[in-house]
Each structure stands twice: as C-alpha cells, then as structure tokens.
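Here's the structure we're looking at; comments come further down.
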Amino acid sequence: MQLMRAVSETQTRCAYQGTGWDTCPGDLLNLEIQNGATFVIVDKTLNPRDQSPALLIQDNGGGMDPEAIRRCMSFGFSDKKSKAAIGQYGNGFKTSTMRLGADVIVFSCHLGDRVMTQSIGLLSYTFLAQTGHDRIVVPMVDYELNTITGNMEISHRYDKEYFMSNLSMLLQWSPYSTEAELLKQFDDIGSHGTKVVIYNLWFSDDGNVELDFDTDPEDIRIGGDVKKVQANPAWRTVNEQHIANRLHYSLRAYLSILYLKIPETFTIVLRGQLVEHRNLVLDLKFQEFIVYRPQTGGCKEAEVLTTIGFLKEAPHVTAHGFNIYHKNRLILPFWPVVSYADSRGRGVVGVLEANFVEPTHNKQDFERTSLFQKLEGRLKEMTWEYWDYHCGLIGYQVKKKLPPIEPPQDSPLGMPNSGKMKHVTLNHGMPNGGITKPVTLNQNHHSVSVEAASAAGLSSKRKEHGDLNKFERMKRQAGTRADAHNLEIQSLSSANQLMDKETMNLIQENKKLHAKCLEHEKRREDLDLKVRQLRRELGDVQQEYDRLMVELTSLDTVEEEHVRT
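Quick note on the UniProt record's numbering: the sequence shown kicks off at 1 and runs consecutively.
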C-alpha cells in the first residue's frame, strides 16, 4: 500500500506545481485536476543506458517554470495555500519517488508571461552516495524560447558556468548521455506539461524489482504482495479479487478509487488503458445516510454525510471498514474501526469525506487530534448501530429491532396510554365454561376475566330470571366491547404497516434526491472545470498572439534595418 501511495504522491506534487499530479502510486497520482490537466499517463519505460525498467508518469498540466520546479524538488518547501490542496509539508514528491527508486529525473514545460521555458531537474540517491556529498545537491538546467529564432536557448537566469556544471552532472548520472537526448524528452510534452522518469527501481528481498510490470500487461503490481484470504473455498476467489484486497497490490485498482469524484474531462491512462473510476458507494446495499456534525468548544466544525451499508457480496466477503477521503483524495481505505472477531460488524462499509481533520505528511493516515478521535468513536457507534439493527438482512441473528412507528397523538388512531396492553380471556360459551379466546385490551377499556364470568355463572342458579337476563346483557356488552377493540387494534396494526410502507417510500425518495444532488454537484464541478480550461486556452491563445506580435515587430525592425543598409 505504501508503494501504491508513493506513485500517487509523485504525481500530485508535480500536478500542484503545474503539471497535474500528487502521491507513491497514490502520492504520485494525487492529481491537482484544478490545474487544468486533462490526462495523466503511467507506464513502463526503459533506461537507455542499461535497458532496465523504469516508471514513467506524464501529464499535460500547466507545467513548472524554473522557480516552481526548484520549489518542487527542494526538501521542506511547500507553497500550497489553496483550501483544496492537500499537502503542506513540502516533502511528498521527494519521499515518494525515493520510495519507488533510487533516482528520478523531471522534465517540465511551462508557458506563462509570454515566456516559454523548459526545465530539467535530477534527484539522484546514486549520485549523492557515489560522490560522497554531505548535503543534497539537485542539478537543474533551464531553457527559454527565443521568439525571434524560434529555438530553445540557455536561460539567462543563471550564468553559463552554472549551466554547464549542472548539465555535466545530468549527462553523467541521468539515463541520457547527450544534451540532444535530454531535449528530445520534451517532444511529446508540448507547450505545457510534466514528465517524470523514476529509474534504478528498488529490488525486493527475493532479488526482483518491486514493481511488477509482467504479471498483468495492463497493470503495475507490487511484486509478491498478493494477500491470501482465509475464506470458504467457494468464495475465496471472490474475496481475493475484491477491490478491498486488490488495492494493496494493484495500481489500477487503487487508482480507480483514489478520488471520490473525478471530472468527465479528466482521464488516467495506465499501461495504455483507461482507468475506470469506481464509486465505492455503489458497492453497498441496504444503504443509510448519517449526518455527523463534529464540534470543538461548542462550535460546529463541519457537517459530514456518511453513507453506510453492507457490501453487495456480504456476508461472503470479509472486507469491512470506512473509506475516508480528504479533499476528494482517499487517505484511509477500508479502515477497520472495530474488532470483527465475533462477526459483529462484518461486511459493514462506509464512505465519507472528512475535510475537518488533517492528514499526515505521507497521506496514509490522519493526525491524531481530538477531532479525529471523536470521529473514530462516532464511526464505531455507527458500525455497531447499523449491524445490530440490520444484520438480519444478510443472515445473522438480529441483535435489536427497529422501534415501532407510533401514530401521532392527534391522529384518529392515537389513544392515551396506547402502549400499555394486557391480555385477558373472555368466555364466549356457557356461564359454566366452554371455549375461551385471548384478546388484547387497552387498560382504559373495561375487561372481563374468566373468574368473574365463572362466578357469575355459579351465582346465576340462585338469582331470579331478571338477574340472569342482566348478566346476559353484561356478557354481551363485554363481548361487544372486546370485538370492537379487536377491530380497533387491527386498524392500528394496518395503520402502522401503512406508515412503515410510507416511511420506506420516503427513504427511497430521499436516496433518489440525494443521488440527484450529487449528480448536479458533479455537473456543476465539470462546468466549472470547463470554464477554467476555456479561460486557460484563451490565455494560451493570447500569449501566442502576443508572441507572434513580438516576432512580427522584430521582423519589421529587421526589414527596416535591411532597407536602410
């Protein structure tokens, strides 16, 4: 999982600086989509020096100018001020790339302020180790477009001696041995974008490269990291192929859930194939929506909507836990908040976005603040509550039953103390006995017991005929009251069933409305993205127009000088 996140971190850092990426598969690909990138490519490439495998990550974001690439590749610097940005420590790109391989070279092209620049930077553990440097040295060179000649020339930001010294180190320690080979790497980047090549990849204990490019030609895996699941043989394959298990070793699986929402205009291409976005909420059945409002010092910090339910494969799949996103980026996948040793909570999964807590520097956990501890406690409660009331839906014995829905007091069916019922037995036979029938009566109504009826039957032998008729009338009145109350209870039961049905209909309607809200929100975000892209394209066109005007002015000047001479 750490290796997967490293790829994501590397991509994100470059994206933020202007290319479109952020974490180790997770950290190399934590995409700053807002920067304008419409795609990112992750693939295998070869080191030209020795033909060893290397990892390629490339996007068409804004790119980095010479100052930005130096900030990106310097330790401990971060200029992320946006509330939508995740990182704040400034070490994500460096630590994530070093997690994947010993060396990384970055190519970035940027167009801004009527100036087009190309920058190359090298972060090499091999170089530092073999040269014995006691401090981190990051060789970098920059080129600028000469608008008159149309050629890329050495940038005048630094003197030529500085440039030649850095170029010499790049040619010695990078995969490219000539300046022409270095500049050729910009051919497929265009006027803006970034390319990262991680080479001298680390080896595992068995002597093989940690990144497995061969098992699946459309994926990049962590070699030897496939988890064997203890499950019923009939369901073992389903468990092993479930996203909760595959995300630990499959980059494609991890990238599919890395973002809570992703614009339709943005794509991730892994090994030449599109990565299909996966919404984990759609993997749940018997969903419930729970609003959590964390507070600090009596003040509400946020309002978080948590979707909770059983996995569709439950109870046969043993995965469970909460998928916690932060600013659209997955931080904790299938985080187990309770112990599942006794099956309580098995198969319960939740999805939420918690922007009110801060992730750690490696984006693999959250800072253990009081707010996060409160969140953890609330998620435990959600798990127990959901399981206790709904475990019967997947074949377990129900721990608790949902409380019945009582009619309101002003309803025609509402009765004072209607919850207090007692069983009495009415005799519908002869006074001296016969068949008895249990009836449930409200305490506010009169009731007749077996003993009273029997006593009345025995004493009737000594009563006058009028008394017997009086008793018969009493018995008929009691029976009439009982029958009437039976009808009343049946009506109440039917009403409860009707209200239960109406409640379920309201819940379903609420789910549909919630889904529509999410759809409209996503559509709004997509439109906002299109607006930003159009503005950016307009800016690029304006820059190109300005450049052409400068070039035209230069040509006019040259022509006038030529006429004068």
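For glycine and all other residues, C-beta sits at the position ideal for the given N, C-alpha and C.
Here the structure is a predicted model, which means the values were calculated and not measured.
- Each of Ser74, Thr194 and Val137 was checked against the Cα of Cys109, and the nearest Cα belongs to Thr194.
- His326 counts as buried, since at least 16 other C-beta atoms from the protein chains shown sit within 10 angstroms of its C-beta.
- Between Trp202 and the set Val541, Ser119 and Met98, the nearest pair of CA atoms involves Met98.
- Within the same chain, Ile331, Leu332, Trp335, Leu352 and Ala354 come within 7 Å of Ile324 by CB-CB distance, once the 5 residues on both sides are set aside.
- The three-state secondary structure of Lys184, taken from DSSP, is helix.
- A Cβ-Cβ contact shorter than 8 Å links Gly61 with Gly36.
- Across the set Thr38, Ile57 and Phe39, the C-alpha of Ile57 shows the shortest separation from the C-alpha of Thr45.
- Ile120 has its alpha-carbon roughly 10 Å from the corresponding atom of Gln185.
- Less than 8 Å separates the beta-carbon of Thr265 from that of Asp526.
- Per DSSP, reduced to three states, the secondary structure at Trp335 is strand.
- Per DSSP, Glu353 is one residue of the beta strand (DSSP E) stretching across Val348 to Glu353.
- Within a 10 Å sphere around the beta-carbon of Ile507 sit fewer than 16 other beta-carbons, which makes this residue exposed.
- Selection Lys511, Asn362 and His520 evaluated against Thr95 yields Asn362 as nearest (Cα-Cα).
- Taking the C-beta atoms as reference points, Arg252 is found nearer than 8 Å to Glu218.
- In chain order, Leu122, Asn166, Met169 and Leu170 place their CB closer than 6 Å to the CB of Pro139, counting only its own chain and leaving out the 5 sequence neighbours on each side.
- The three-state reading of DSSP puts His133 in coil, since its state is none of H, G, I, E or B.
- In the three-state reduction of the DSSP assignment, Val563 falls in the helix class.
- Residue range Pro66 to Cys72 is occupied by the alpha helix (DSSP H) that includes Cys72.
- Secondary structure note for Ser119: it is in no alpha helix (DSSP H), and the uninterrupted beta strand (DSSP E) holding it is Val115 to Ser124.
- Taking a C-beta distance under 8 Å as the contact criterion, Arg236 and Gln543 do not qualify as a contact pair.
- Under the three-state reduction of DSSP output, Val550 falls in the helix class.
- Judged by DSSP secondary structure, Phe372 falls within the alpha helix (DSSP H) whose first and last residues are Ser370 to His390.
- Put simply, the backbone Cα of Leu183 is about 24 Å away from that of Leu128.
- Boundaries of the beta strand (DSSP E) around Ser108: Gly101 to Gly112.
- Excluding sequence positions up to five before and after Tyr125, its CB lies within less than 7 Å of the CB of Met98, Ala102 and Asp103, all in the same chain and listed in chain order.
- Annotation: Glu144 to Gln118 spans about 6 Å, alpha carbon to alpha carbon.
- In the three-state scheme derived from DSSP, where H, G and I count as helix and E and B as strand, Asn200 is classed as strand.
- Beyond the five residues adjoining it in sequence on each side, Phe356 comes within less than 7 Å, by CB distance, of Pro294, Glu301, Ala302 and Leu371 in the same chain, given in chain order.
- Bounds of any alpha helix (DSSP H) do not take in Thr267; it lies within the beta strand (DSSP E) bounded by Thr267 to Leu270.
- For Tyr176, the CB contacts under 6 Å within the same chain, skipping 5 residues up- and downstream, are Leu182 in chain order.
- Rounded to the nearest angstrom, the gap between the Cα atoms of Ser343 and Arg524 is 42 Å.
- Going by beta carbons, Gly112 and Asp187 fall outside the 8 Å limit.
- A direct Cα-Cα distance of roughly 13 Å separates Cys391 from Val349.
- The Cβ atoms of Thr149 and Val550 do not sit closer than 8 Å to each other.
- Your pair Asn328 and Tyr396 does not check out as a contact, with CB atoms roughly 35 Å apart and the cut at 8 Å.
- In this structure, the alpha-carbon of Val281 lies about 49 Å from that of Arg547.
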